[in-house]
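Asker: Count along the sequence shown from 1, then add 8; that gives the number in the working numbering.
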Amino acid sequence: MNQETGKKLLDKNGKEITSKKEFTAESKNGSIDIEFTFDSSLLAGKTTVVFEDLYNENVRVAFHTDIKDEGQTVHYPEIHTTATDKATKTHTAAPDSKTIITDKVDYKNLVIGNTYEVRGVLMDKSTGKALLDKEKKEITATKKFTAEKPDGTVELEFTFDSTLLKGKSVVVFEDLYNENVRVAFHTDIRDEGQTVNFPEIHTTATDKATKSHTGVVDEKTTITDKVAYSNLTIGEKYKLSGVLMNQETGKKLLDKDGKEITSEKEFTAESKDGSIDIEFTFDSSLLAGKTTVVFEDLYNEKIRVASHADIKDEEQSVHFPDIHTTATIDSAKSITEKGSVILKDVVDYKNLIAGKTYEVKGVLMNQETGEKFLDKDGNEITGSASFTAQKADGSVDVTFTFDSSLLAGNTIVVFENLYENNVKVIGHADINDVNQTVEIVKTGDTSNAYIYALIALISLAVMVSLVMIKKSRNHN
Numbered sequence: 009m010n011q012e013t014g015k016k017l018l019d020k021n022g023k024e025i026t027s028k029k030e031f032t033a034e035s036k037n038g039s040i041d042i043e044f045t046f047d048s049s050l051l052a053g054k055t056t057v058v059f060e061d062l063y064n065e066n067v068r069v070a071f072h073t074d075i076k077d078e079g080q081t082v083h084y085p086e087i088h089t090t091a092t093d094k095a096t097k098t099h100t101a102a103p104d105s106k107t108i109i110t111d112k113v114d115y116k117n118l119v120i121g122n123t124y125e126v127r128g129v130l131m132d133k134s135t136g137k138a139l140l141d142k143e144k145k146e147i148t149a150t151k152k153f154t155a156e157k158p159d160g161t162v163e164l165e166f167t168f169d170s171t172l173l174k175g176k177s178v179v180v181f182e183d184l185y186n187e188n189v190r191v192a193f194h195t196d197i198r199d200e201g202q203t204v205n206f207p208e209i210h211t212t213a214t215d216k217a218t219k220s221h222t223g224v225v226d227e228k229t230t231i232t233d234k235v236a237y238s239n240l241t242i243g244e245k246y247k248l249s250g251v252l253m254n255q256e257t258g259k260k261l262l263d264k265d266g267k268e269i270t271s272e273k274e275f276t277a278e279s280k281d282g283s284i285d286i287e288f289t290f291d292s293s294l295l296a297g298k299t300t301v302v303f304e305d306l307y308n309e310k311i312r313v314a315s316h317a318d319i320k321d322e323e324q325s326v327h328f329p330d331i332h333t334t335a336t337i338d339s340a341k342s343i344t345e346k347g348s349v350i351l352k353d354v355v356d357y358k359n360l361i362a363g364k365t366y367e368v369k370g371v372l373m374n375q376e377t378g379e380k381f382l383d384k385d386g387n388e389i390t391g392s393a394s395f396t397a398q399k400a401d402g403s404v405d406v407t408f409t410f411d412s413s414l415l416a417g418n419t420i421v422v423f424e425n426l427y428e429n430n431v432k433v434i435g436h437a438d439i440n441d442v443n444q445t446v447e448i449v450k451t452g453d454t455s456n457a458y459i460y461a462l463i464a465l466i467s468l469a470v471m472v473s474l475v476m477i478k479k480s481r482n483h484n
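1. Could you spell out the range, first to last residue, of the beta strand (DSSP E) harbouring residue 134?
2. Apply the 10 Å Cβ neighbour rule to residue 74 and answer buried if 16 or more other Cβ atoms are within range, or exposed otherwise.
3. Suppose the cutoff is 6 Å on Cβ atoms and the five residues either side in sequence are ignored; what does the same chain contact list for residue 24 look like?
4. For residue 185, collect the residues of the same chain with a Cβ closer than 8 Å to its Cβ; drop the 5 residues on either side in sequence, then sort them by chain order.
5. Rounded to whole angstroms, what is the Cα-Cα separation between residue 258 and residue 319?
6. Suppose contacts are defined by Cβ-Cβ distances below 8 Å. Is residue 89 in contact with residue 112 by that definition?
7. Name the one or two DSSP bridge partners that residue 68 has.
8. Output yes or no for whether 8 Å exceeds the beta carbon distance between residue 107 and residue 98.
9. Could you tell me the distance, in whole angstroms, from the CA atom of residue 428 to the CA atom of residue 222?
10. Under 8 Å, with one C-beta from each stretch per pair, do the stretch 337-356 and the stretch 400-407 reach the 3-pair mark?
11. Going by beta-carbon coordinates alone, are residue 117 and residue 84 separated by less than 8 Å?
12. What residue ranges within the stretch 347-435 form continuous beta strand (DSSP E) runs of no fewer than 3 residues, ordered along the chain?
13. Run through the stretch 221-298 for me and flag every whole beta strand (DSSP E) of 3 or more residues, listed as ranges in chain order.
14. Taking just the CA atoms, how far does residue 332 sit from residue 233?
15. In its own chain, which residues sit with a C-beta less than 6 Å from the C-beta of residue 459, not counting the 5 before and 5 after it?
16. With a 10 Å radius around its C-beta and 16 neighbouring C-beta atoms as the bar for buried, classify residue 54 as buried or exposed.
17. May I ask which residues mark the beginning and end of the beta strand (DSSP E) holding residue 102?
18. Specify, as a first and last residue, the run of the beta strand (DSSP E) that residue 188 falls within.
19. Just confirm the distance between the C-beta atoms of residue 10 and residue 56, as a whole number of angstroms; I'd bet it's less than 8 Å.
20. Less than 8 Å between the CB atoms is what I'm expecting for residue 281 and residue 238, so what's the real figure, rounded?
21. Can you tell me the Cβ-Cβ gap for residue 445 and residue 421, rounded? I've got them flagged as a contact below 8 Å.
22. Does the stretch 243-253 touch the stretch 283-290, meaning 3 or more C-beta pairs lie closer than 8 Å?
23. Confirm, please, whether the CB-CB distance from residue 231 to residue 316 is below 8 Å.
24. Let me make sure I understand the geometry here. Which of 423, 367, 262 has the alpha-carbon closest to that of residue 334?
25. Do residue 174 and residue 103 have their C-beta atoms closer together than 8 Å?
26. Can you check whether the CB of residue 172 is closer than 8 Å to the CB of residue 207?
27. Return the chain-ordered list of same chain residues with a C-beta closer than 8 Å to the C-beta of residue 392, the five sequence neighbours on each side being excluded.
28. When the Cα atoms are used, what is the spatial distance from residue 183 to residue 193?
29. Tell me which residues share the same chain as residue 20 and place their Cβ nearer than 8 Å to its Cβ, disregarding the 5 neighbours each side in the sequence.
30. Exposed or buried, residue 101, counting other C-beta atoms within 10 Å across all chains shown (16 or more means buried)?
31. Classify residue 297: buried if its beta carbon has 16 or more other beta carbons within 10 angstroms, exposed otherwise.
32. Hey, quick one: how far does the beta strand (DSSP E) through residue 312 stretch, first residue to last?
33. Go ahead and pull the three-state DSSP assignment for residue 455.
34. Against chain C, with Cβ distances strictly below 8 Å, would residue 449 count as a contact?
35. Please return the same chain residues whose Cβ sits closer than 6 Å to the Cβ of residue 95, not counting the five positions on each side in sequence.
36. Under a Cβ-count criterion, where at least 16 other Cβ atoms within 10 Å of its own Cβ denotes burial, should residue 496 be classed as buried or exposed?
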């Protein structure tokens, strides 16, 4: 009988569960056993009561049919478990050398006064097998208790090293024993309530303008860090917190006010795996030639549960180039006008990304006016060179062909800009930089020569006078 409904219990085929036994009385008083064999897998948490009738010559002569009689009753326990990380109090845990999972076991329909034991084991969700520690042993926990009432809870703790569990999930399997006989279990490898997830994150940092690992040197630069996460718990809230690092020193990068350059974003996981962008906007004008690395931490309930902090990881890095130029005509810094000439500007670059294609674009400037020189057709005098960087540091030549007579009597300064993906990443434009400068002297400009000749004549006259005076003294 089903104690809850008071109706006859039916098996999975809808039939009553019955048993009978015939016997011949050998004494006035005695006992006899009768067995019921059936599938009780659907009876977890339910109670069945055995009704018995005694027949003689097909006439019922006695019965015992009390639905509330404990002596006639068999209780089928039920357990459900909820596993959480002890630190976060959620289903998300941080890989660590010491992790504690608390499993709360809710039990139902126990017999008051009976002693029970809960035995648990951690399972690897990906393999469906028991999780093993570094000594190849199963990670288990047990707890004995005496039921004070039919329904209640008991907690077990599993302490273990989870440092190798990034991106994995652990499921807690629990068995309930009475007198060393398993009477209930909760062993569903897909049950999220029994599961604790260990997240993992990987990041890819790029300059927002170039869409690559080459950064723009400017007063306002934005780095976009794409954080790919795996094995989060759907519905739980997380926070990403990032900071920019100086790859050379391994220390946090500071802005002009001496503050760390940070960014953070909160989100609720809509799926176990996904990605989210986090942006860092800052002044990078002092970072020419340097590399920054983005470090990211993932938090759940203020507990850091994952991080990506590899100072040598290229995917987390953004390189800020630097350039310096040296301009000459025929290897000289000053020439006399002579028609068409070729100015060569050697652009020394630093901190590029090997294998990437870049372009240097230059223009000739008038040092005196600060304006661009124009050719006879009114066009700017420019030069450019595209190249693929073979290594981080190197040089490339940019040439400018023009009629020197148009620029005679002037000082030329070469301004250069470096581009990647048609985005200017750095420029070298110092109007007073001697290395960027070449002088074009006019033909026939003898003003300096007259001065030098006058000085020479005066010197000669002084020398002649001194010689005459000396001779006169010797004669006397």
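From the three backbone atoms N, C-alpha and C, an ideal C-beta is built for every residue, glycine too.
All figures in this text were calculated on a predicted structure; none of them were measured in a lab.
Answerer: If we stick to the structure as given:
1. Segment: none, residue 134 is in no beta strand (DSSP E) and carries neither H nor E.
2. exposed
3. 16
4. 124, 125, 126, 127, 191
5. 7 Å
6. yes
7. 63
8. no
9. 8 Å
10. yes
11. yes
12. 348-358, 365-374, 390-396, 402-411, 418-428
13. 229-238, 245-254, 270-276, 282-290
14. 30 Å
15. In this predicted model, residue 459 has a pLDDT of only 38, less than 50, meaning its place in the structure is not dependable; the value taken from the coordinates is given anyway. If we look at residue 459 and ignore the five residues flanking it on each side, it has no Cβ neighbours.
16. buried
17. Looking at the DSSP string, residue 102 is not in any beta strand (DSSP E), and its letter there is neither H nor E.
18. From DSSP, residue 188 is part of no beta strand (DSSP E); its letter is neither H nor E.
19. 7 Å
20. 5 Å
21. 5 Å
22. yes
23. no
24. 423
25. yes
26. no
27. 367, 368, 369, 370, 406
28. 4 Å
29. 47, 50
30. buried
31. buried
32. 311-316
33. Low per-residue confidence applies at residue 455: pLDDT is 48, beneath 50, and the placement is therefore not dependable, though the value from the model is reported in the following sentence. Helix at residue 455.
34. Looking for chain C here will not work: only one protein chain is present.
35. 311
36. One cannot answer for residue 496 here, as it falls past the ends of the chain, which runs 9 to 484.
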